[in-house]
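These protein sequence lines map, in sequence, to chains A and B.
Its first residue numbered 449, the first sequence is counted upward by one per residue in our numbering.
Its first residue numbered 449, the second sequence is counted upward by one per residue in our numbering.
Number of protein chains: 2
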Amino acid sequence: MTTPSSPQGDDGSRWLSDEEQRVWQSYLHGTLLLEDHLDRQLQRDAGLPHIYYALLVHLSHAPDMSLRMTELAKGIKITRSRLSHAISRLEASGWVRREDCSSDRRGQLACLTQSGLAKLRESAPGHVAAVRQGLFDRLSPEQVVQLGEIMRAMTAGLEPESRGADLPWRR
Amino acid sequence: MTTPSSPQGDDGSRWLSDEEQRVWQSYLHGTLLLEDHLDRQLQRDAGLPHIYYALLVHLSHAPDMSLRMTELAKGIKITRSRLSHAISRLEASGWVRREDCSSDRRGQLACLTQSGLAKLRESAPGHVAAVRQGLFDRLSPEQVVQLGEIMRAMTAGLEPESRGADLPWRR
DNA sequence: CCGAACTGGTTAAACGTTCAAGGATAGGTA
DNA sequence: TACCTATCCTTGAACGTTTAACCAGTTCGG
Numbered sequence: 449m450t451t452p453s454s455p456q457g458d459d460g461s462r463w464l465s466d467e468e469q470r471v472w473q474s475y476l477h478g479t480l481l482l483e484d485h486l487d488r489q490l491q492r493d494a495g496l497p498h499i500y501y502a503l504l505v506h507l508s509h510a511p512d513m514s515l516r517m518t519e520l521a522k523g524i525k526i527t528r529s530r531l532s533h534a535i536s537r538l539e540a541s542g543w544v545r546r547e548d549c550s551s552d553r554r555g556q557l558a559c560l561t562q563s564g565l566a567k568l569r570e571s572a573p574g575h576v577a578a579v580r581q582g583l584f585d586r587l588s589p590e591q592v593v594q595l596g597e598i599m600r601a602m603t604a605g606l607e608p609e610s611r612g613a614d615l616p617w618r619r
Numbered sequence: 449m450t451t452p453s454s455p456q457g458d459d460g461s462r463w464l465s466d467e468e469q470r471v472w473q474s475y476l477h478g479t480l481l482l483e484d485h486l487d488r489q490l491q492r493d494a495g496l497p498h499i500y501y502a503l504l505v506h507l508s509h510a511p512d513m514s515l516r517m518t519e520l521a522k523g524i525k526i527t528r529s530r531l532s533h534a535i536s537r538l539e540a541s542g543w544v545r546r547e548d549c550s551s552d553r554r555g556q557l558a559c560l561t562q563s564g565l566a567k568l569r570e571s572a573p574g575h576v577a578a579v580r581q582g583l584f585d586r587l588s589p590e591q592v593v594q595l596g597e598i599m600r601a602m603t604a605g606l607e608p609e610s611r612g613a614d615l616p617w618r619r
């Protein structure tokens, strides 16, 4: 489902093998389903999209539960623009607070509030359970290791070759 | 990055192990990067989001290059609503045409046009190359097999337990 | 046949993301 | 100091997705 038919591009580029096609289909299908599963669980139980939840978690691990916007964006791998919108929403809900950065007047800190921390504590178990149910409970220990390796290999090739409009580091 | 700290939920639910945490991070990171890679490549070279491209491909494999809306939605695993919007856009671009279904007057067929087929032929090689570059070129043959297995296992657990508003079959 | 329930598909509004632009501060370099 | 450029973050508009109705046609039980 990646290509029309015929085994090879006119320009000599290779299509995918049958095996690769099947795996690619499974990949698309599986990742879509899992993402959806998690998004729904969080939306339902916490009223948050997955990425917004990830932002709270990330902040909760940071010193003082606060981070510079750019750091946070890099950590979660989203654009600053997206982060800016997201933090606005989280701020409106009272889970995050913006603070001016003392050492750089351009800077802003995103700080997790007590209310945000409470929100997180409350919704974490359900989320973890969903991750287990959707992924780890279905994989053997060897498969977990394999998946880690595979993802490392994937990531390696896609990392930080700057492109795009907003950024030197990509989404 | 899935949970706040402490090894176990108050209710006795298990957190993820360190290994699992790492793998989960890699998974989130890797899948995000790959999806982004493909979306950008297609947006840049074909002016289409990945899913829209997938719709064209799916149609190109169907008999008469046309499918009932619901079939198409099931094939790609998206909601009917989303499909409806998507087909409207593709129709506006002239790559897909809607036709009334002769056997069921409620039904609509989405048909790939010649122009849509041309579009597909033109953009396929670049897309395949991106899939190779982002995934298959970085995996050993064994890893490809492993990935297939892992995705099958994931999918199995998430498949069709109807929930949500619009549907019996989920996104 | 009649009505209830279901199926196929669309729509409007709310939401989130991207894209392109812009304002403010910082860090050079002359 | 005066500039030029890079960095930090935000904004508004365009786009795509979700959600929750909604209408029309079909099916099934009486």
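Yeah, the Cβ is synthetic: ideal placement off N, Cα and C, and Gly gets one too.
- Straight-line spacing of the CA atoms in B:Glu-468 and A:Pro-511 works out to 23 Å.
- A:Leu-595 is a Cβ neighbour of B:Tyr-475, given a cutoff of 8 Å.
- Within the same chain, and ignoring the five residues on either side of A:Pro-497 in sequence, the residues whose Cβ sits closer than 8 Å to its Cβ are Asp-487, Leu-490 and Gln-491.
- A:Asp-548: not part of any alpha helix (DSSP H); member of the beta strand (DSSP E) spanning 544 to 548, first to last residue.
- Think of a sphere of 7 Å around the beta carbon of B:Ile-535: no beta carbon from chain A falls inside it, the nearest being about 17 Å out.
- Counting along the chain, the unbroken alpha helix (DSSP H) around B:Arg-492 starts and ends at 466 to 494.
- In the DSSP assignment, A:Arg-530 falls within the alpha helix (DSSP H) that extends over 528 to 540.
- Counted as a single uninterrupted DSSP element, the beta strand (DSSP E) harbouring B:Leu-515 occupies residues 514 to 516.
- Counting every other CB atom within 10 Å of its CB across the protein chains shown gives A:Gln-562 a total below 16, marking it as exposed.
- Contacts with chain B at 8 Å (Cβ-Cβ) include A:Thr-479.
- Going by beta carbons, A:Ser-508 and A:Leu-568 fall inside the 8 Å limit.
- Look at A:Arg-586 here: in three-state DSSP terms it is helix.
- Residue pairing from DSSP places A:Ala-558 in a beta bridge opposite A:Leu-515 and A:Arg-546.
- Taking C-beta atoms as the reference points, B:Val-544 and B:Gly-523 fail to come closer than 8 Å.
- Taking a C-beta distance under 8 Å as the contact criterion, A:Gly-605 and B:Arg-586 qualify as a contact pair.
- B:Glu-570 does not reach chain A, its nearest Cβ partner there being about 10 Å away, counting only Cβ pairs nearer than 7 Å.
- In this structure, A:Cys-559 sits away from A:Ser-588, with a CB-CB distance that is not shorter than 8 Å.
- In the three-state DSSP reduction, B:Arg-462 falls in the strand class (E or B).
- By the beta-carbon neighbour count (other beta carbons within 10 angstroms, threshold 16), A:His-485 is buried.
- By the CB criterion at 8 Å, B:Leu-503 and B:Ala-534 fall inside the cutoff.
- Within the same chain, Cβ atoms closer than 8 Å to the Cβ of A:Asp-548 are found at Gly-555, Gln-556 and Leu-557, the five residues on either side in sequence being excluded.
- In summary, the residues of the region 503 to 526 of chain B whose CB is separated from some CB of chain A by less than 8 Å are Val-505, His-506, Ser-508, His-509 and Lys-525, in the order they occur in the chain.
- The distance from the Cβ of A:Val-471 to that of B:Val-592 is about 6 Å, consistent with a contact at the 8 Å cut-off.
- Per the C-alpha coordinates, the member of B:Val-505, B:Arg-546, B:Ala-578 and B:Ile-598 positioned closest to B:Glu-483 is B:Ala-578.
- Residue burial is scored here from C-beta neighbours: B:Ser-536 has fewer than 16 other C-beta atoms within 10 angstroms and is therefore classed as exposed.
- Among the residues facing chain A, B:Ser-474 is included, as its CB has a counterpart in that chain under 8 Å away.
- Among the residues facing chain B, A:Gly-564 is not included, as its CB has no counterpart in that chain under 8 Å away.
- The contact set of B:Ala-494 on chain A, defined by CB atoms closer than 8 Å, is empty, because the minimum CB distance reaches about 13 Å.
- DSSP places B:Ser-508 inside the alpha helix (DSSP H), whose first and last residues are 498 to 509.
- DSSP places B:Ser-551 outside both helix and strand once states are collapsed to three, so it counts as coil.
- Of all residues in the region 551 to 563 of chain B, none has a C-beta nearer than 9 Å to a C-beta of chain A.
- Contacts with chain B (Cβ-Cβ distance below 9 Å) from the region 592 to 606 of chain A involve Val-592, Val-593, Gln-594, Leu-595, Gly-596, Glu-597, Ile-598, Met-599, Arg-600, Ala-601, Met-602, Thr-603, Ala-604, Gly-605 and Leu-606, listed in chain order.
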